[in-house]
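Please read the structure below before turning to the comments.
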Amino acid sequence: MESAAGGSRTGRNLPVAIAVGAGLGAVAIGSLYFVEELFLAVVIAAVGVGVTELVKSFAARDINVPLIPVLAGMAAMIGGAYWGGPAWLVGVFAMTVLVLMMWRMFQGTEGYVRDMTATVLVVVYPSLLAGFVALLLAHPLDGPDRVVVFIATTVASDIGGYFAGISFGKHKMSPLISPKKTWEGFAGSALACMAVGGWLVAWLLDGAVWKGVLIGAVVVVFATLGDLVESVIKRDLGVKDMGTLLPGHGGLMDRLDSLVAALIPVWALLSLLV
Numbered sequence: 009m010e011s012a013a014g015g016s017r018t019g020r021n022l023p024v025a026i027a028v029g030a031g032l033g034a035v036a037i038g039s040l041y042f043v044e045e046l047f048l049a050v051v052i053a054a055v056g057v058g059v060t061e062l063v064k065s066f067a068a069r070d071i072n073v074p075l076i077p078v079l080a081g082m083a084a085m086i087g088g089a090y091w092g093g094p095a096w097l098v099g100v101f102a103m104t105v106l107v108l109m110m111w112r113m114f115q116g117t118e119g120y121v122r123d124m125t126a127t128v129l130v131v132v133y134p135s136l137l138a139g140f141v142a143l144l145l146a147h148p149l150d151g152p153d154r155v156v157v158f159i160a161t162t163v164a165s166d167i168g169g170y171f172a173g174i175s176f177g178k179h180k181m182s183p184l185i186s187p188k189k190t191w192e193g194f195a196g197s198a199l200a201c202m203a204v205g206g207w208l209v210a211w212l213l214d215g216a217v218w219k220g221v222l223i224g225a226v227v228v229v230f231a232t233l234g235d236l237v238e239s240v241i242k243r244d245l246g247v248k249d250m251g252t253l254l255p256g257h258g259g260l261m262d263r264l265d266s267l268v269a270a271l272i273p274v275w276a277l278l279s280l281l282v
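In this text, residue positions in the sequence shown follow the numbering used here: the first is 9, and each later residue adds one.
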């Protein structure tokens, strides 16, 4: 989420954006604690929409990514990670790439490297990265709680950055990539992430507060970089938002950017520390 100096300058309807965000959170948390497999279905559906948005954006620049095989590989990676662990996630990823290389081969040589480069990008971002949420969920003791820590801490980065940015934002972080993002917004993201991380790790996982603060500090770095990575992709493709599905937010990929970027470090830190 990009920070700016005012709601009108962000081009957002803030009440609608808050309502949509709250609705998404309710669906995610509700499914997570109701039936874990239902939450996996929600994740696959959300990431599937994000993948579709990316593929359509590439197609507008005559870059062809085969949507159906990529979606199938993405679903298999997430399911494989949940039921089989990291080895299955990596194995399905490698097989997906190999199959897609062969799939594109039979469509001719023209633009093969260009199309396959974009295809592998989509298979990694967001598809492979999303598989790590299944690894969090699969933890035998407190998988759903670990997912909540991840989601809440990452979302805190967006919320803290937004409100600090519109209130105090003056110094641009990266004018060429994301002109509305400021260092003041980043500071707000950091404080929010560390506060939420420390609180939830202590409350839900019975871990030391400092471990949650450390996780929050790492999250804010990766969430911000993930946001900037998607901004670079959008600028290269010449689009403002990846989609229009979510009023006040843009496309689903515009909401997944920071989440998928923060997933691997959160999974690693929770595995090591808690």
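The beta carbon of each residue, even a glycine, is placed where N, CA and C say it ideally should be.
Values in this document were obtained by computation on a predicted structure and should not be read as measured data.
Range of the contiguous beta strand (DSSP E) that encloses residue i
i: residue 335; result: Outside the modelled stretch of the chain, which goes from 9 to 282, sits residue 335, for which no answer is possible.
i: residue 182; result: 180 to 182
8 Å contact criterion, which residue i and residue j should meet: CB distance rounded
i: residue 234; j: residue 270; result: 7 Å
i: residue 162; j: residue 227; result: 6 Å
i: residue 206; j: residue 229; result: At roughly 16 Å, the Cβ-Cβ gap does not stay under 8 Å, so residue 206 and residue 229 are not in contact.
i: residue 219; j: residue 282; result: 6 Å
i: residue 240; j: residue 65; result: At roughly 13 Å, the Cβ-Cβ gap does not stay under 8 Å, so residue 240 and residue 65 are not in contact.
i: residue 90; j: residue 146; result: 5 Å
i: residue 59; j: residue 78; result: 6 Å
i: residue 212; j: residue 274; result: Not really, about 13 Å apart at Cβ, beyond 8 Å.
i: residue 61; j: residue 260; result: 7 Å
i: residue 143; j: residue 94; result: 6 Å
i: residue 174; j: residue 243; result: Not really, about 22 Å apart at Cβ, beyond 8 Å.
i: residue 122; j: residue 71; result: 6 Å
i: residue 277; j: residue 223; result: 5 Å
i: residue 152; j: residue 264; result: With a Cβ gap of about 20 Å, residue 152 and residue 264 do not count as contacting.
i: residue 217; j: residue 210; result: 5 Å
i: residue 69; j: residue 199; result: Not confirmed; about 39 Å, so no contact.
Strand pairing of residue i, partner residues [DSSP]
i: residue 197; result: Looking at the DSSP assignment, residue 197 forms no beta bridge with any residue, so it has no partner.
Extent of the continuous alpha helix (DSSP H) run through residue i
i: residue 166; result: 151 to 176
i: residue 268; result: 261 to 281
i: residue 43; result: Unbroken run through residue 43: none, as it is neither H nor E.
i: residue 222; result: 217 to 245
Legend entry - Ranges of the alpha helix (DSSP H) found wholly within the stretch 54 to 137, counting only runs of at least 4: With a minimum length of 4 residues, the continuous alpha helix (DSSP H) runs that stay inside the stretch 54 to 137 are 75 to 92, 94 to 113 and 120 to 130.
Inset, instruction - Tell me, please, whether the stretch 123 to 142 touches the stretch 164 to 178 by the rule of three or more beta-carbon pairs shorter than 8 Å. - result: No contact exists between the stretch 123 to 142 and the stretch 164 to 178.
Inset, instruction - Could you say if the stretch 45 to 55 and the stretch 103 to 116 meet the contact criterion of at least three C-beta pairs nearer than 8 Å? - result: The answer is no - the stretch 103 to 116 does not touch the stretch 45 to 55, with fewer than three Cβ pairs under 8 Å.
Legend entry - At least three beta-carbon pairs within less than 8 Å, the stretch 72 to 89 to the stretch 137 to 151: Because the criterion of three Cβ pairs below 8 Å is met, the stretch 72 to 89 and the stretch 137 to 151 touch.
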